[in-house]
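There are 2 protein chains.
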Amino acid sequence: MIWDKDIECLTHEEMQELQLKRLQDVVTRAFNEVPYYHERYSQAEVYPEDIQTLDDIEKLPFTTKTDLRASYPFGLFAVPQKEIVEIHTSSGTTGKPTVSGYTKEDLDIWGEVVARGLTMMGVGENDIIQNTHGYGLFTGGFGVHYGGQKIGATVIPISTGQTLRQIELMQDFNTSMLIFTPSYGLHLAEVMKEKGVDPKDLNLKVIGFGSEAWTDEMREKIEEKFGVPAYNIYGLTEVIGPGVAMECPEQNGLHIYEDHFYPEIIDPKTHKQLPEGKNGELVLTALTRVGMPLIRFRTKDITNIRHETCGCGRTLVKMDKISGRTDDMLKIKGVSVFPSQIEKALLSIKGVEPHYQIILTRPDILDEIEIKVEASPEIFFDNVKELIGIRDKLAQAIHDEIGLRVNVTLVEPKTIDRVESGKAKRVIDNRGK
Amino acid sequence: MIWDKDIECLTHEEMQELQLKRLQDVVTRAFNEVPYYHERYSQAEVYPEDIQTLDDIEKLPFTTKTDLRASYPFGLFAVPQKEIVEIHTSSGTTGKPTVSGYTKEDLDIWGEVVARGLTMMGVGENDIIQNTHGYGLFTGGFGVHYGGQKIGATVIPISTGQTLRQIELMQDFNTSMLIFTPSYGLHLAEVMKEKGVDPKDLNLKVIGFGSEAWTDEMREKIEEKFGVPAYNIYGLTEVIGPGVAMECPEQNGLHIYEDHFYPEIIDPKTHKQLPEGKNGELVLTALTRVGMPLIRFRTKDITNIRHETCGCGRTLVKMDKISGRTDDMLKIKGVSVFPSQIEKALLSIKGVEPHYQIILTRPDILDEIEIKVEASPEIFFDNVKELIGIRDKLAQAIHDEIGLRVNVTLVEPKTIDRVESGKAKRVIDNRGK
Numbered sequence: 047m048i049w050d051k052d053i054e055c056l057t058h059e060e061m062q063e064l065q066l067k068r069l070q071d072v073v074t075r076a077f078n079e080v081p082y083y084h085e086r087y088s089q090a091e092v093y094p095e096d097i098q099t100l101d102d103i104e105k106l107p108f109t110t111k112t113d114l115r116a117s118y119p120f121g122l123f124a125v126p127q128k129e130i131v132e133i134h135t136s137s138g139t140t141g142k143p144t145v146s147g148y149t150k151e152d153l154d155i156w157g158e159v160v161a162r163g164l165t166m167m168g169v170g171e172n173d174i175i176q177n178t179h180g181y182g183l184f185t186g187g188f189g190v191h192y193g194g195q196k197i198g199a200t201v202i203p204i205s206t207g208q209t210l211r212q213i214e215l216m217q218d219f220n221t222s223m224l225i226f227t228p229s230y231g232l233h234l235a236e237v238m239k240e241k242g243v244d245p246k247d248l249n250l251k252v253i254g255f256g257s258e259a260w261t262d263e264m265r266e267k268i269e270e271k272f273g274v275p276a277y278n279i280y281g282l283t284e285v286i287g288p289g290v291a292m293e294c295p296e297q298n299g300l301h302i303y304e305d306h307f308y309p310e311i312i313d314p315k316t317h318k319q320l321p322e323g324k325n326g327e328l329v330l331t332a333l334t335r336v337g338m339p340l341i342r343f344r345t346k347d348i349t350n351i352r353h354e355t356c357g358c359g360r361t362l363v364k365m366d367k368i369s370g371r372t373d374d375m376l377k378i379k380g381v382s383v384f385p386s387q388i389e390k391a392l393l394s395i396k397g398v399e400p401h402y403q404i405i406l407t408r409p410d411i412l413d414e415i416e417i418k419v420e421a422s423p424e425i426f427f428d429n430v431k432e433l434i435g436i437r438d439k440l441a442q443a444i445h446d447e448i449g450l451r452v453n454v455t456l457v458e459p460k461t462i463d464r465v466e467s468g469k470a471k472r473v474i475d476n477r478g479k
Numbered sequence: 047m048i049w050d051k052d053i054e055c056l057t058h059e060e061m062q063e064l065q066l067k068r069l070q071d072v073v074t075r076a077f078n079e080v081p082y083y084h085e086r087y088s089q090a091e092v093y094p095e096d097i098q099t100l101d102d103i104e105k106l107p108f109t110t111k112t113d114l115r116a117s118y119p120f121g122l123f124a125v126p127q128k129e130i131v132e133i134h135t136s137s138g139t140t141g142k143p144t145v146s147g148y149t150k151e152d153l154d155i156w157g158e159v160v161a162r163g164l165t166m167m168g169v170g171e172n173d174i175i176q177n178t179h180g181y182g183l184f185t186g187g188f189g190v191h192y193g194g195q196k197i198g199a200t201v202i203p204i205s206t207g208q209t210l211r212q213i214e215l216m217q218d219f220n221t222s223m224l225i226f227t228p229s230y231g232l233h234l235a236e237v238m239k240e241k242g243v244d245p246k247d248l249n250l251k252v253i254g255f256g257s258e259a260w261t262d263e264m265r266e267k268i269e270e271k272f273g274v275p276a277y278n279i280y281g282l283t284e285v286i287g288p289g290v291a292m293e294c295p296e297q298n299g300l301h302i303y304e305d306h307f308y309p310e311i312i313d314p315k316t317h318k319q320l321p322e323g324k325n326g327e328l329v330l331t332a333l334t335r336v337g338m339p340l341i342r343f344r345t346k347d348i349t350n351i352r353h354e355t356c357g358c359g360r361t362l363v364k365m366d367k368i369s370g371r372t373d374d375m376l377k378i379k380g381v382s383v384f385p386s387q388i389e390k391a392l393l394s395i396k397g398v399e400p401h402y403q404i405i406l407t408r409p410d411i412l413d414e415i416e417i418k419v420e421a422s423p424e425i426f427f428d429n430v431k432e433l434i435g436i437r438d439k440l441a442q443a444i445h446d447e448i449g450l451r452v453n454v455t456l457v458e459p460k461t462i463d464r465v466e467s468g469k470a471k472r473v474i475d476n477r478g479k
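Line order of the protein sequences matches chains A and B. At position 390 of the first sequence (counting the first as 1) the number is 436 in the numbering used here, and the numbers step up by one without a gap. At position 408 of the second sequence (counting the first as 1) the number is 454 in the numbering used here, and the numbers step up by one without a gap.
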């Protein structure tokens, strides 16, 4: 089923026409209403009337997280505060968080795009969505909440943690869709196993994932453990929250709701747009945000985009899942490495569990990489020879992927910290300490 | 300002006419759609057509928390699950929680009643509501969230905890309304003081309280610390959530949104209705709930109701703040004591802080009561003689209130546990251990 066929199946030309009109509109509003954009555009000598084609977007300066921080708290709002009905912030581990302000129209758009995505995943008014994302300043919980309400599904806003309660409600309330971060999903599966609850005996039908980068291999592990398909949900608080792009049952990319969020892929160094299919940094423009127009926002997320008519029937532009972030790229012995590459290699080898840590040290002058990964219980306790074989295979697979030698340590099952909520800490960088 | 003058200022007769119509409607729906009611009413030989006047409500059996638990999880729903869009549960510390299911109409009613209450407290589209209630299965966060959205205020859904972050956002976002439980509010005030932040320097204008019983004396302490008026918000997850009744600026009772929630006061022993002004157990009937009709629900909360035209102009029936619960009444040496009575006595004496615990023991065959309360810092460290005087005064004030002798211990400031979220634990009953 398609939630809004008129939009989700537009021809590329029709979509571009809509996008251009909306881009002109948002640039005009931003220039007139937001001092930040007025100054930046004036300095760059680019004005709303210069946007004659979609390609003209390249004339506009980027907006970065640093710009958002400098405008803290409400400097990017385009409407009086009384029109803002909800505020979220990014997690902002250091310094001030970035702020996202929503008018009623913005909340409606947010619910609408998530409604499209949930429908795409086969979820409807008969479904019961157990939402383990946190509610609060974080946008995770609310995106699915508003989208679920819009499609008339039953939302259980249980939020993070309370894993035993989660399992009880899955059983008692016939949960048909689970929403979680990959790392929390793994933890949940593990606790279910300990408690003798087989996910396959439940009413579960589909999983929606978000808030964390993941590899295909991680998805396979999760689908195997829960016995249902798992689909990706992408978004950023700054742009709107989860729901910028969601994955269809084809499972080879996410549809970007490009009538609201215009994507570009740029070379993070030259800042030039890259051709379709080429990996680079995703830049997003919120075409319809009323409260806080965000134009050419550098997401730091690495992916590529392609226009095609998808097997699911939608024409909405597709992006690959995020393969890393420009700022989570590790420089190790001068080589660029993404944690996702290591995850991919790790999970290609049988006999290990998807719980791992990447520990970087610099004992002397050279970087060293240690990968701690949990062996599967049946192997760890029974078979030393096999353990050595697995360790060597892992080291080889990682070397093949990133071109560097690593030390692999197979650790006892359940000895790597689990997360009860949010994102797992995969990289521990002790170099320079 | 009055959000819905047509309803909030109806004459008593007009309101009764509306209530009767709605009562007949909900009883009919419940009888026809919910097996629980069908059975109970059939057993009691009372049928929808027997409800000819509002007084006929007394013919209907009560619904208790035990009944709700027995119908766990969805036994009280009057619509197919696909029409339910949101589910909340009570905290349910023991056994299964009680479940509350909402259709879109129910969520709209919930937002509507909270909108009325916020408007009554002087809050509107220009206000910034910092909502420290938890979001999740608990209804606390969502009630204010939906009401705040409805009036067009800016809601900051920060949720519980993160006290330093709360203070930072109050400063940075110009929070004009704080929502908290009394115990968290006290903790917040204390941390602000430690950090040298004077609430009076902020943009704060009003406080909304909920989820915990409180005394006038506790309110005075909080108003004094924050320098703004604090109003009571009452509600129960089973009935709808916070928003069943809210307090107006007159501060002498809460207006019950009686067009949606029909109140009765009964004698908890005889189960007979009590006359206006008499304290008893509040029984509520949700007149308009679509998803889950709740008829004659015994709240266990003790209060009284009175019809009058309020100083604020509203005619909606008023209830006193909850003075206790039928199940938090303590039997001490055969005497019925409510913790709120002890709080009231404690806070009537100068020189102590609103942080206390009531500890019950039975060293031999007789109950003993120890009251631990924090002395004010300026007294605790400087003036032993004064301390003794205060202790004696406290013991006397409590004796005057409850008629029992208690041992009062004045403890060092900040030595009684603070709550970072939810409700304070005031009573420790070690009798029989």
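The beta-carbon is built from N, C-alpha and C at its ideal position, and this holds for glycine as well.
From the DSSP output, in three-state form, read off residue i for me.
i: A/Asp-113; result: helix
i: B/Asn-350; result: coil
i: B/Glu-158; result: helix
i: B/Ser-422; result: coil
i: A/Val-243; result: coil
i: A/Pro-94; result: helix
i: B/Met-375; result: coil
i: B/Lys-390; result: helix
i: B/His-179; result: coil
i: A/Gln-297; result: coil
i: B/Thr-331; result: strand
i: A/Asn-453; result: strand
Could you confirm whether any beta carbon from chain B is found closer than 8 Å to the beta carbon of residue i?
i: A/Asp-218; result: yes
i: A/Gly-198; result: yes
i: A/Asn-172; result: yes
i: A/Gly-187; result: yes
Please classify residue i as buried or exposed, where buried requires at least 16 other C-beta atoms within 10 Å of its C-beta.
i: B/Tyr-93; result: exposed
i: B/Met-166; result: buried
i: B/Thr-349; result: buried
i: A/Val-430; result: exposed
i: B/Phe-427; result: exposed
i: B/Gln-403; result: buried
i: A/Ser-382; result: exposed
i: B/Ser-222; result: buried
i: A/Ser-88; result: exposed
Between residue i and chain A, is there a C-beta pair that is closer than 8 Å?
i: B/Leu-412; result: no
i: B/Pro-321; result: no
i: B/Ser-205; result: yes
i: B/Tyr-181; result: yes
i: B/Glu-132; result: yes
i: B/Gln-195; result: yes
Is residue i near residue j, with beta carbons less than 8 Å apart?
i: B/Ile-286; j: B/Ala-332; result: yes
i: B/Leu-376; j: B/Leu-412; result: no
i: A/Thr-144; j: A/Lys-111; result: yes
i: A/Ile-351; j: A/Pro-309; result: yes
i: B/His-353; j: B/His-84; result: no
i: A/Ile-175; j: A/Ile-202; result: yes
i: B/Cys-55; j: B/Arg-408; result: no
May I ask you to check if the CB of residue i is nearer than 7 Å to at least one heavy atom of the ligand SAM?
i: B/Arg-437; result: Among the ligands in the structure shown, none appear at all, so the ligand SAM cannot be discussed.
Exercise for the section: Check whether the segment 151-160 of chain A touches the segment 147-165 of chain B, counting contact only when three or more Cβ pairs, one atom from each stretch, lie closer than 8 Å. Expected result: Result no; under three Cβ-Cβ pairs closer than 8 Å.
Practice task
Report yes or no: do the segment 194-212 of chain A and the segment 255-274 of chain A share at least 3 C-beta pairs separated by less than 8 Å?
Solution key: With a cut-off of 8 Å on Cβ pairs, the segment 194-212 of chain A is not in contact with the segment 255-274 of chain A, counting fewer than three such pairs.
Practice task
Say whether the segment 221-241 of chain A touches the segment 167-181 of chain A, bearing in mind that this needs 3 or more beta-carbon pairs closer than 8 Å, one atom from each stretch.
Solution key: Counting Cβ pairs under 8 Å, three or more are found: they touch.
Problem - Stretch pair the segment 276-293 of chain A + the segment 336-351 of chain A: three plus CB contacts closer than 8 Å - result: With a cut-off of 8 Å, the segment 336-351 of chain A and the segment 276-293 of chain A count as touching, because enough Cβ pairs lie within range.
Handout entry: Sufficient close CB pairs (3 or more, under 8 Å) joining the segment 94-104 of chain B to the segment 118-126 of chain B
Key = Touching, no.
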